[in-house]
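Student: Structure provided below as structure tokens; questions to follow.
Number of protein chains: 2
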Amino acid sequence: MERSMRLKSVAAVMLAASVAASTPNQGTAEENQPITLRAMGSFHVGGRLATISGQPVKEVTFTPGGVPAKLDPNGTYQVEQMYVQYFIPQNVSGTVPLLMWHGGGLTGVTYETTPDGREGWLNYFLRRGWSVYNSDAVERGRAGWAQYPEIFKGEPVFLTTANPFERFRIGDGAGSYSDDPAKRRAHPGSQFPAEGYDNFVKQVVPRWTTTDDATIAAYIAEVDRVCPCVILFHSQAGQFGFKVAQARPDKVKALVAVEAAGIGDPANAAALKDIPILLVFGDFIDQDSRWPKMRQNDLDFVDRVKAAGGSVDIIDLPKIGIHGNTHMMMMDKNNMAVADVIEAWLKQKNLIR
Amino acid sequence: MERSMRLKSVAAVMLAASVAASTPNQGTAEENQPITLRAMGSFHVGGRLATISGQPVKEVTFTPGGVPAKLDPNGTYQVEQMYVQYFIPQNVSGTVPLLMWHGGGLTGVTYETTPDGREGWLNYFLRRGWSVYNSDAVERGRAGWAQYPEIFKGEPVFLTTANPFERFRIGDGAGSYSDDPAKRRAHPGSQFPAEGYDNFVKQVVPRWTTTDDATIAAYIAEVDRVCPCVILFHSQAGQFGFKVAQARPDKVKALVAVEAAGIGDPANAAALKDIPILLVFGDFIDQDSRWPKMRQNDLDFVDRVKAAGGSVDIIDLPKIGIHGNTHMMMMDKNNMAVADVIEAWLKQKNLIR
Chain P
7 MERSMRLKSV AAVMLAASVA ASTPNQGTAE ENQPITLRAM GSFHVGGRLA TISGQPVKEV
67 TFTPGGVPAK LDPNGTYQVE QMYVQYFIPQ NVSGTVPLLM WHGGGLTGVT YETTPDGREG
127 WLNYFLRRGW SVYNSDAVER GRAGWAQYPE IFKGEPVFLT TANPFERFRI GDGAGSYSDD
187 PAKRRAHPGS QFPAEGYDNF VKQVVPRWTT TDDATIAAYI AEVDRVCPCV ILFHSQAGQF
247 GFKVAQARPD KVKALVAVEA AGIGDPANAA ALKDIPILLV FGDFIDQDSR WPKMRQNDLD
307 FVDRVKAAGG SVDIIDLPKI GIHGNTHMMM MDKNNMAVAD VIEAWLKQKN LIR
Chain Y
7 MERSMRLKSV AAVMLAASVA ASTPNQGTAE ENQPITLRAM GSFHVGGRLA TISGQPVKEV
67 TFTPGGVPAK LDPNGTYQVE QMYVQYFIPQ NVSGTVPLLM WHGGGLTGVT YETTPDGREG
127 WLNYFLRRGW SVYNSDAVER GRAGWAQYPE IFKGEPVFLT TANPFERFRI GDGAGSYSDD
187 PAKRRAHPGS QFPAEGYDNF VKQVVPRWTT TDDATIAAYI AEVDRVCPCV ILFHSQAGQF
247 GFKVAQARPD KVKALVAVEA AGIGDPANAA ALKDIPILLV FGDFIDQDSR WPKMRQNDLD
307 FVDRVKAAGG SVDIIDLPKI GIHGNTHMMM MDKNNMAVAD VIEAWLKQKN LIR
């Protein structure tokens, strides 16, 4: 185990080093080029109808000066759907579309911008010719959310302004955040755009911890509609990416797990044996109170996939010379260098024309 | 009053008839052309910090198999910001950007698609060379929402699947909706894509009726960042469009009110005297229980603007030969014909290069 781990790391370093040499970060130059789209739009997918009964009728004036309308809370509700926005480049280079799944307490905004106003990974992959489907999971953003406790079980969780700073390895753990930006204690060499942190927390939305089954069902509906595809997923979506791929192994051509905070069903790891998997981890993991364990969970899970004959690459960015990345590496100042590593891996897997 | 109203209608018919003749609907042909963008991205704007205190610390396992984290609900929260997604065409024709503000219980999805999968007004105006800023208002979609009753006063309102059908003049009023699509009673000649209604309700999100001040503050922050501009607004955003323009009259070059369900401050109507205003109304208003009054509210408000020397055009679509439009005209089957009317009006106001 010890040795296989080391070998795996060495292989990853070699892979990524060759990748880094062959594809310099062209982000800045590309940002001056237009993006030409064959199509763009959005849709909702999945969900179910739920019924509420036995509650009193209310009268609601929706807009001041408007005319009151009766609002009967009893009835049928559309719940647990998800939202997908798509961009299809005029010249497609990816052999299949790329689905991007955000992490917990966040939405598809994760990929479409950085909090200091640079381009995100959505634009990066679009510029490289990928058809991109960027989404809001069940209960987040444009997916909407449902009554609780009637329909969603449990209560929503809200994050303080301090929480992501201390938990996403932007700061160096508990107590590193201050309302005063000058007093925040970021990891030395952090690539997170510190000047954008107050913008970043505006992206945070409430989340539940009790809607996983509904979220998985909606993601499966997305896969059934859009795929075959590559799925790139982050953090909380670790469990969603792996589990949905286990449910639809024929439709998933590769999995890119960006600091997966959850895994698939270990007993069914063999379902992933024909799907190339890339795990990407940032910096400062050893110093963190939670990430060494979560990273190890990921490694243990993909060991099972490998034992079943699967193909897994693991890239710890610091080991290939890319330092300072936080949990939000798609927003970090070197976000395009990280995207280069991912795209080069997709190319190695013959997923680029 | 009676006569001035009539004259106003006649003028609107003449305006719109000339408009319709000069700009045939090119939507279908245009949909086959690529969309070339100089830039695309998103940002959040506005909002404030709010504090919660005196509540117990919780332990939350965010992802099954993850490591439990302490979650202290006490602290500082970022609340009442809004979300803006922007698309800048390579060849800009609008003299200023176009801001699109959605109605109640909805998000920017209103403009980016139709529930039967056609292009929405976002694509239309982008194809015509407008820089478009499409947004989610405070508390909706990717803007996020805040704890209630601690921060938001009041409770959220949820809409049944029946509610928009009966209230948005898709069906012919109370009792027109059925869970069985075959039994739904649409207005005869309705342009709403009936086959897409079940998709449309997936776009509906919870809303509050107590967050108007916060919403206006955030929209003002958007205007301060993006404008000078044209603002196109729908339904609930009637009050937001007019009130924000009253707060920033120098930054708003035109207002397009699509079935405004609310108005500005009548006592300050003169603030709008230098801003061209277009009111657009669809069909079936006379048969509706609420829209005759809401339309009259709009007319009374703009009469005050006109009395102060303002320029207002009123287009009742049926009077210019465009029939069957519901409250969701940007999604109706003839949505591009309606957009043509709006764009021609913008051209008349010298807002297109």
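Protein chains in written order, with my numbering: chain P, 7 to 359; chain Y, 7 to 359. Ideal placement from N, C-alpha and C gives every residue a C-beta, glycine not left out. All of these numbers come straight from a predicted model, not from anything done at the bench.
For His333(Y), tell me which candidate among Ala263(Y), Ser48(Y), Gly123(Y), Arg310(Y) has the shortest Cα-Cα distance.
Tutor: Closest by alpha carbon: Ala263(Y).
Student: With DSSP as the reference, please indicate the residues paired to Cys235(P) in a beta bridge.
Tutor: According to DSSP, Cys235(P) bridges with Val258(P).
Student: Suppose you measure from the CA of Pro298(Y) to the CA of Arg175(Y); what does that come to, to the nearest Å?
Tutor: Each residue's alpha carbon lies about 12 Å from the other.
Student: Thinking Glu228(Y) and Ala152(Y) are a contact (beta carbons under 8 Å), I'd like their distance in whole angstroms, please.
Tutor: That pair is no contact at about 19 Å.
Student: Roughly how many angstroms lie between the CA atoms of Trp351(Y) and Asp289(P), to the nearest whole one?
Tutor: Each residue's Cα considered, the two are about 55 Å apart.
Student: Can you pull the chain P residues whose beta carbon is under 7 Å from the beta carbon of Gln96(Y), in chain order?
Tutor: Result: Pro40.
Student: Within 10 angstroms of its Cβ, does Leu357(Y) collect 16 or more other Cβ (buried), or is it exposed?
Tutor: Counting Cβ neighbours within 10 Å, Leu357(Y) comes out buried, since at least 16 surround it.
Student: Taking CB distances under 7 Å as the criterion, tell me whether Lys14(P) reaches chain Y.
Tutor: With a pLDDT of only 45 at Lys14(P), under the threshold of 50, the placement of this residue in the model should not be trusted, and no figure is reported.
Student: When we look at the beta-carbon of Asp142(P) and count the other beta-carbons within 10 Å, is it buried (16 or more) or exposed?
Tutor: It counts as buried.
Student: Give the secondary structure of Trp214(P) by DSSP, where H, G and I count as helix, E and B as strand, and everything else as coil.
Tutor: Reduced to three states, the DSSP call for Trp214(P) is coil.
Student: Between the segment 185-199 of chain P and chain Y, which residues of the former have a C-beta closer than 9 Å to a C-beta of the latter?
Tutor: Listed by position along the chain: Asp185.
Student: Is the segment 68-82 of chain P in contact with the segment 161-172 of chain Y, if contact means three or more CB pairs nearer than 8 Å?
Tutor: Yes, since at least three Cβ pairs between the segment 68-82 of chain P and the segment 161-172 of chain Y fall closer than 8 Å, the two stretches touch.
Student: Are any of the Cβ atoms in chain Y nearer than 7 Å to that of Asn341(P)?
Tutor: Chain Y, which has no Cβ nearer than 7 Å to the Cβ of Asn341(P), makes this no.
Student: For Trp127(P) versus Gly100(P), is the C-beta spacing smaller than 7 Å?
Tutor: Taking 7 Å as the Cβ cut-off, Trp127(P) and Gly100(P) do not qualify as a contacting pair.
Student: Return the first residue and the last residue of the beta strand (DSSP E) that Leu107(P) is part of.
Tutor: It should be pointed out that residue 107(P) corresponds to Trp in this sequence rather than to Leu. First-last of the beta strand (DSSP E) with Trp107(P): 104-107.
Student: For Ala168(P), decide whether its Cβ has a neighbour in chain Y, counting only Cβ atoms nearer than 7 Å.
Tutor: True, the Cβ-Cβ gap to chain Y drops below 7 Å.
Student: Going straight from the alpha carbon of Pro187(Y) to that of Gly177(P), what length do you get?
Tutor: Distance between the alpha carbons of Pro187(Y) and Gly177(P) is about 53 Å.
Student: Let me know if Gln84(Y) comes out buried or exposed under the rule of 16 or more other beta-carbons within 10 Å of its beta-carbon.
Tutor: Flag for Gln84(Y) reads buried.
Student: On a Cα-Cα basis, can you pick out the residue from Pro40(P), Thr42(P), Ile157(P) that is closest to Thr57(P)?
Tutor: If we check each option's Cα against that of Thr57(P), Ile157(P) comes out closest.
Student: Name the one or two DSSP bridge partners that Ile283(Y) has.
Tutor: For Ile283(Y), which the question treats as bridged, DSSP gives the partners Leu261(Y), Val318(Y).
Student: Alpha carbon to alpha carbon, how far is Asp219(P) from Phe307(Y)?
Tutor: If you take the alpha carbons of Asp219(P) and Phe307(Y), they lie about 49 Å apart.
Student: Using the DSSP secondary-structure output, state which residues sit across from Arg54(P) in a beta bridge.
Tutor: Val85(P).
Student: Are the segment 114-133 of chain P and the segment 315-323 of chain P touching by the rule of at least three beta carbon pairs closer than 8 Å?
Tutor: No, because fewer than three Cβ pairs between the segment 114-133 of chain P and the segment 315-323 of chain P fall closer than 8 Å, the two stretches do not touch.
Student: Scan the segment 249-277 of chain P for residues whose Cβ lies nearer than 8 Å to a Cβ of chain Y and list them as they occur along the chain.
Tutor: The segment 249-277 of chain P vs chain Y, Cβ under 8 Å: Ala267, Gly268, Ile269.
Student: As a quick exercise: from Gly244(P), Val250(P), Gln242(P), Ser241(P), pick the residue whose alpha carbon is nearest that of Cys235(P).
Tutor: Taking only the C-alpha atoms, the option nearest Cys235(P) is Val250(P).
Student: Cβ closer than 7 Å: which chain P residues qualify as neighbours of Glu125(Y)?
Tutor: Under the 7 Å cutoff, chain P gives Gly47.
Student: Count the other CB atoms within 10 Å of the CB of Ser28(P); is the residue buried (16 or more) or exposed (fewer)?
Tutor: Residue confidence is low: Ser28(P) scores 40 on pLDDT, short of 50, so the model does not pin down where it sits. Its coordinate-derived value is still stated next. Its Cβ having fewer than 16 others within 10 Å, Ser28(P) is exposed.
Student: Could you give the first and the last residue of the continuous alpha helix (DSSP H) run that contains Asn97(P)?
Tutor: Neither: Asn97(P) is in no alpha helix (DSSP H) and is coded neither H nor E.
Student: Just list the residues that DSSP pairs Tyr139(Y) with in beta bridges.
Tutor: For Tyr139(Y), which the question treats as bridged, DSSP gives the partners Tyr92(Y), Leu105(Y).
Student: Find the residues of chain Y that neighbour Val311(P), judging by a C-beta separation of less than 7 Å, and give them in chain order.
Tutor: Residues of chain Y passing the Cβ test: none, with the nearest at roughly 16 Å.
Student: With 16 as the cutoff for other CB atoms within 10 Å, does Pro30(Y) come out buried or exposed?
Tutor: Since pLDDT at Pro30(Y) reaches only 39, below the 50 mark, its modelled position is unreliable, and no value is offered.
Student: Less than 6 Å between C-beta atoms, sequence neighbours within five positions excluded: which residues of the same chain meet that for Arg146(Y)?
Tutor: Closer than 6 Å at the Cβ level, and outside the excluded window around Arg146(Y), lie Thr113, Val211.
Student: Of the choices Gly195(P), Asn97(P), Glu125(P), Asn140(P), whose alpha-carbon is the least far from that of His108(P)?
Tutor: Taking only the C-alpha atoms, the option nearest His108(P) is Asn140(P).
Student: By DSSP, does Glu118(Y) sit in helix, in strand, or in coil?
Tutor: Note: Glu118(Y) maps to helix in three-state DSSP.
Student: Between Glu118(Y) and chain P, is there a C-beta pair that is closer than 7 Å?
Tutor: Chain P contact via Cβ: present.
Student: Between which residues of its own chain and Glu65(P) is the CB-CB distance below 8 Å, once the five residues before and five after are set aside?
Tutor: Within the same chain, Glu65(P) has close Cβ partners Pro74, Ala75, Lys76, Leu77.
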